[in-house]
Ligand SMILES: [Zn+2]
């Protein structure tokens, strides 16, 4: 066997170097490099070095033509969580739930654990962050004190695996958090990259062999003192991130990786004293404090995964005193804003070169769809002209570099959601709107060119 050697590992990105330095060459982080023991040569490598494979056992192969069935699911009973997972937890899979400390990861997983335990499913909850008394207090506050969850505070990896393997495997194991686990075999402090990797790898293989669903909680820290969950993302089947909408008690659960389901679904929760409550109608939430009748706003009928979501886009266009005008955007791609401004300038003759431009997606949402273009353009033109966009209208459509308005998908769902929330008109791409009968009761205003929208706001076109 090769001897274990010292290595210097960046706690922010996991890059390994042979010498210590103050700044990580891979990710540029300062003071993030810690000396750790590199793992000794793996058995596979030893086998190859020996000239012939001695340690490996024969693998079996299957055909592609096996009956394709959906993996079995274990619904947690929390609708928004199940939606993001793709229908529930998959037995034998490993899920990583990341997020800032204190955002509500433990609350969410305790609620899910209790809900499953209430259905008679065996559940183990291992808390390395908090003492059992604290977890019990939280459970009592959430009204889950009676749930038959097996609660533990073990953080030694070998003990955890031994305990879990000693009896029949539970259906769900929650590890809160993976950064508190440590293994004697690894010569590094808990929370370092080596410990994190060894814990994740042992628990993922436990999940695969036992058939239990394992959920790992991972804290995201800014200072790099604890290695982030990013370094174990590739080991698990599903990665979920729990985020808060800035300044709100609302939380969004987002899948960034999912081997058993979609990655574009979001789950919306409201943090209350008595726990996380599912938000059934997120559109109403994002439109709840709209500035009606003010210039510079437009409502975008968007899609998040399979669910339509209405959000308000706000823009401010003001004469600039700077040589290079400011362009600032929150919740949308800055490059997309630059492109839209260039199209408005070059194709529609709207001169914004001497104006500062600010764009904001209300409620702290982040949007990535190209269909936002038309709503963003409308908000920008509304602010620039000082005329309010009609408040009973929603907008969606992609703008191309030629100034054409292009069709986008999921037209019906967008229109239905808008109708449900009391909107009367929809500004849509002409290609999608032509010849439609079912418009969910909305009056369609089809556009083929962005310049038509500019004309609505009665802006001079040069
Ligand atoms: Zn780094």
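Residue numbers (this note's numbering): 1 to 462. Glycine residues also receive a C-beta, built at the ideal position from the N, C-alpha and C atoms.
Same chain only: Cβ atoms within 6 Å of residue 8, ignoring 5 sequence neighbours per side | 17, 20, 33 and 35.
Quick one: is residue 61 buried, meaning 16 or more other Cβ sit within 10 Å of its Cβ, or exposed?
-> Flag for residue 61 reads exposed.
Out of 94, 403 and 250, which has the shortest C-alpha to C-alpha gap to residue 339?
-> With distances taken between Cα atoms, residue 339 lies closest to 403.
Is it true that the stretch 409–419 meets the stretch 382–390, where meeting means three or more beta-carbon pairs spaced less than 8 Å apart?
-> no
Thinking residue 357 and residue 327 are a contact (beta carbons under 8 Å), I'd like their distance in whole angstroms, please.
-> Contact check for residue 357 and residue 327: beta-carbon distance about 5 Å, within the 8 Å limit, so the pair qualifies.
When every heavy atom of ligand 1 is checked, does at least one fall within less than 6 Å of the C-beta of residue 354?
-> no
With a threshold of 6 Å, establish whether the CB of residue 274 neighbours any heavy atom of ligand 3.
-> For ligand 3, the structure offers nothing, since it holds only ligand 1.
Can you have a look at residue 256 and say buried or exposed, based on whether 16 or more other CB atoms are within 10 angstroms of its CB?
-> exposed
DSSP three-state call for residue 250: helix, strand or coil?
-> strand
Which class does residue 94 belong to by DSSP, given the choice of helix, strand or coil?
-> strand
Count the other C-beta atoms from every protein chain shown that fall within 10 angstroms of the C-beta of residue 43, then say buried if there are 16 or more, exposed otherwise.
-> Unreliable placement is indicated for residue 43, whose pLDDT of 45 sits below 50; no coordinate value is reported for it.
Distance CB(residue 371)-CB(residue 345) smaller than 7 Å | Inclusion of residue 371 and residue 345 in the CB contact set at 7 Å is not warranted, their separation being larger than that value.
Any heavy atom of ligand 1 within a distance shorter than 6 Å of the CB on residue 35?
-> no
Are any of the Cβ atoms in chain C nearer than 7 Å to that of residue 130?
-> Annotation note: the requested chain C is absent from the structure, which comprises a single protein chain.
Starting from residue 31, trace the beta strand (DSSP E) both ways and give me its first and last residue.
-> Per DSSP, residue 31 is not a residue of any beta strand (DSSP E), being assigned neither H nor E.
Within 10 angstroms of its Cβ, does residue 464 collect 16 or more other Cβ (buried), or is it exposed?
-> Residue 464 cannot be examined here, being either before or after the span of the chain that is shown, 1 to 462.
Helix, strand or coil at residue 395 according to DSSP, with G and I counted as helix = In this structure, residue 395 counts as strand in the three-state DSSP scheme.
Nearest-angstrom Cα distance between residue 383 and residue 279?
-> 32 Å
How would you label residue 412, buried or exposed, when you count the other beta carbons within 10 angstroms and need 16 or more for buried?
-> exposed
Sequence-distant residues of its chain with Cβ nearer than 7 Å to residue 439 (five each side left out) = 415
Neighbour-count burial assignment, residue 30, 16 or more Cβ in a 10 Å radius = exposed
Report the residue ranges of all alpha helix (DSSP H) runs contained in full by the stretch 192–230; include only those spanning at least 4 residues, in chain order.
-> 193–210
Residues in its own chain within less than 8 Å of residue 320 by CB, not counting five upstream and five downstream?
-> 326, 354, 355 and 356
Cα separation between residue 351 and residue 310?
-> 29 Å
Identify every residue that forms a DSSP beta bridge with residue 17.
-> 8
Going by other Cβ atoms of all chains shown within 10 Å of its Cβ, with 16 needed for buried, is residue 334 buried or exposed?
-> Result: exposed.
Proximity below 7 Å, CB of residue 114 to CB of residue 149 = yes
Shortest alpha-carbon distance to residue 138 belongs to which of 449, 109 and 73?
-> Ranking 449, 109 and 73 by CA distance to the CA of residue 138 puts 109 first.
Under a Cβ-count criterion, where at least 16 other Cβ atoms within 10 Å of its own Cβ denotes burial, should residue 23 be classed as buried or exposed?
-> Exposed, since its Cβ has fewer than 16 Cβ neighbours within 10 Å.
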